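*Asks:*
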Amino acid sequence: MSTAPDAAVPLDDADRPSVPAKRIAIGDAADHVKHSAGQPVEIAGWLYNLRKSGKIVFPIVRDGTGLLQCVALKTALPEETFEALKHLTQESSLIVRGRLRAEARAAGGYELDVESVDILQHVSEEHPYPITPKDHGVDFLMDHRHLWLRSKRQHAAIRVRHEVIKSIRDYFDSNGFTLVDTPIFTPSACEGTSTLFEVDYFEDEKVYLTQSGQLYNEANAMAFGKVYCFGPTFRAEKSKTRRHLTEFWMVEPEMAYADLEDVKRVAEDLVVYIVGRVLENRKEELKTLERDTSRLETVAKPFPRMSYDEAVKILQSKGSEIQWGGDFGNTDETLLTEDFHRPVMVDRYPTEIKAFYFQPDERRPEVALGVDVIAPEGYGEIIGGGQRIHDLKLLEQRLDQHQLPREAFNWYLDLRRFGTVPHGGFGMGVERFVAWMCGLEHIRETIPYPRMLYRTRP
RNA sequence: UCCUCAGUAGCUCAACGGUAGAGCAUUCGGCUGUUAACCGAAGGGUUGUAGGUUCGAAUCCUACCUGAGGAGCCA
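Here the first sequence is numbered in my numbering, starting from -4 and rising by one per residue.
#1: May I have a chain-ordered list of the beta strand (DSSP E) segments no shorter than 3 residues that lie completely inside the segment 183 to 223?
#2: May I ask you to report which of helix, strand or coil DSSP gives Pro5?
#3: Measuring straight from C-alpha to C-alpha, what distance separates Glu436 and Pro54?
#4: Give the secondary structure of His336 by DSSP, where H, G and I count as helix, E and B as strand, and everything else as coil.
#5: Taking Cβ to Cβ, would you say Val261 is nearer than 8 Å to Ala295?
#6: Let me confirm a value: Trp406 is counted as buried when at least 16 other C-beta atoms fall within 10 Å, else exposed. Which label applies?
#7: Note down the Cα distance separating Pro462 from Leu144, rounded to an integer number of angstroms.
#8: Does the segment 356 to 372 come close enough to the segment 237 to 245 that 3 or more CB-CB pairs lie under 8 Å?
#9: Considering only C-alpha positions, which residue in the set Val56, Leu330, Ser207, Leu274 is nearest to Ser146?
#10: Under the assumption that Pro35 contacts Glu110 (Cβ atoms under 8 Å), give the Cβ distance between them as a whole number of angstroms.
#11: Quick check on Leu331: does DSSP put it in helix, strand or coil?
#12: In terms of residues, what are the limits of the alpha helix (DSSP H) holding Glu158?
#13: Go ahead and pull the three-state DSSP assignment for Lys235.
#14: Helix, strand or coil: which one does DSSP assign to His141?
#15: Distance, Cα to Cα, Leu364 vs Arg300?
#16: Judging by CA-CA distance, which residue of Lys282, Leu281, Asp134, Tyr43 is the nearest neighbour of Asp58?
#17: Should the segment 331 to 342 be regarded as contacting the segment 297 to 315, the criterion being three or more beta carbon pairs within less than 8 Å?
#18: For Ala403, count the other beta carbons within 10 Å of its own beta carbon; 16 or more makes it buried, fewer makes it exposed. Which is it?
#19: So, under 8 Å CB-CB, Arg439 and Met447 are touching, yes? Tell me the CB distance rounded to an integer number of Å.
#20: Going by DSSP, what residues sit across from Trp244 in a beta bridge?
#21: Assuming Arg412 and His385 make a contact with CB atoms under 8 Å, what is their CB distance in whole Å?
#22: Just verifying my parser: in three-state terms, what is the DSSP assignment at Glu285?
#23: Taking 8 Å as the threshold (C-beta atoms), are Gly104 and Ala97 in contact?
#24: Whole-angstrom Cβ separation of Val89 and Leu63, contact assumed at under 8 Å?
#25: Does the beta-carbon distance from Ala24 to Arg92 come in below 8 Å?
#26: Which residues bound the alpha helix (DSSP H) around Trp406?
#27: Specify the secondary structure class of Arg272 as computed by DSSP and reduced to three states.
#28: For the segment 282 to 293 and the segment 385 to 396, state whether three or more C-beta atom pairs, one from each stretch, are separated by less than 8 Å.
#29: Which residues in the same chain as Thr127 place their Cβ atom closer than 8 Å to its Cβ, once the five residues preceding and following it in sequence are excluded?
#30: How would you label Thr(-2), buried or exposed, when you count the other beta carbons within 10 angstroms and need 16 or more for buried?
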């Protein structure tokens, strides 16, 4: 379709309305009724569902901004128009014209009295739209993800995602951060731990899809002071859980002249800001998703803070098998947050289980100045970050300990040779955040086209 | 990679060793206020694949394929 959104669609003369109708979005229905009630309007959309009863038909139209019930009366319309509407199939594309009014009996509160209709495409009866208003299984829905996005719940989740992303950008843009994007093709592992997707790069060369922009972020922070990058990230781990994707979006701020406490302050501030924006601007979507928003309204500063040492003690007292030195499993994370209605910040993890670039605590080198923010309600780690090593000697030592090739990190070591300063930052996973906002069981519904262990289509 | 569970009509499921069935979707008919509308009728099947047990297998057994959930790893 090359038709521009506002272009007029050719009409048969018989159907041409006597008064030109103004194209409006369903989302603006309330506004229209308030200010221009009685004026003819047209809605360009798709048939969501249709109920009929003899001489009256109720087509429900969606246009991407909402759903609108229309009413077509046999007595008020030409025979062909009424019959065409009566037999219209799900997801057929159409433009309806008529008068809009408030109507308590219609879902959404507004209703359009149909005066004329253009049907752009009547979906064939031989191959009807596969997603019916009844229940479907996950496998079937995932195979039809390109169509599933038209459904109410999926639509709502993606709009919440949009709000989360926009508020992340707004937060950093209005707090002195510069967007400096980092490459997606990278020559080697950023952290040396997770598995990477390997890509053929012309003749003889291999590159990898980025698993974090952090190392480049550190260079950018030394150039701009406060920066963030925001893009897709790839992990070739064979994780098969409801919290994992192989391709996901991550925002990573990095600040020069910053320590662990600065990192914690920004992380907390950011989370509170996003939650506030979602609650303010996505009420309808959260309602569609049946999200209990009281669990989000309690998200305010300050977040409970604890050290890794304390967290281990709490977990042990709650019956966890965890020993000092181990990383938290998903059940551990849920246990840690169950007494709070806010995200929990845990800092000073064992240096052993953290990436090579984490700054060890001067007084206790066995712990690193890293912090994780764990979301409540079992949504797990949404933020991980901390203070980076700024001392050249120490960083070289850590590279050796991790058996990482010094040569590949030479440019990274330059950052410690030329005006090194304490600095830090974190990464926040967008999809886990959105899953938490929406109260979703599975992360796959938070991204339009999820890429998972055994699913790369559509 | 490991463990557990599931594949029956386009979809969601039932039938659990003895004639494969219902709801939705589709088609036809009825209904002027429906809310996943309702009522009546019709069409629609190599029960994931291959083998085995049995007089008889959707059902029991074996292997494989596909999917889901969990573990580990992580955001």
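A virtual CB, placed ideally from N, CA and C, is assigned to each residue, including glycine.
All values derive from a computational prediction rather than experimental measurement.
*Replies:* This is what the structure holds:
#1: 193 to 196, 200 to 204
#2: Here the model assigns Pro5 a pLDDT of 43, short of 50, so the residue's position is not dependable, and the following value carries that caveat. In the structure shown, Pro5 sits in coil (DSSP, three-state: anything other than H, G, I, E or B).
#3: 32 Å
#4: coil
#5: no
#6: exposed
#7: An answer regarding residue 462 cannot be provided, because it is not within the stretch -4 to 453 covered by the chain.
#8: no
#9: Val56
#10: 7 Å
#11: helix
#12: 147 to 168
#13: coil
#14: helix
#15: 14 Å
#16: Tyr43
#17: yes
#18: exposed
#19: 7 Å
#20: Pro227
#21: No, Arg412 and His385 are not in contact; Cβ-Cβ is about 11 Å, not under 8 Å.
#22: coil
#23: yes
#24: The identity of residue 89 in the sequence shown is Leu, whereas the question assumes Val. The pair is not a contact, with the Cβ atoms about 12 Å apart (cut-off 8 Å).
#25: no
#26: 405 to 412
#27: helix
#28: no
#29: Gln85
#30: The predicted model places Thr(-2) with a pLDDT of 34, which falls under 50 and marks its position as unreliable; any figure quoted below should be read in that light. Exposed is the call here.
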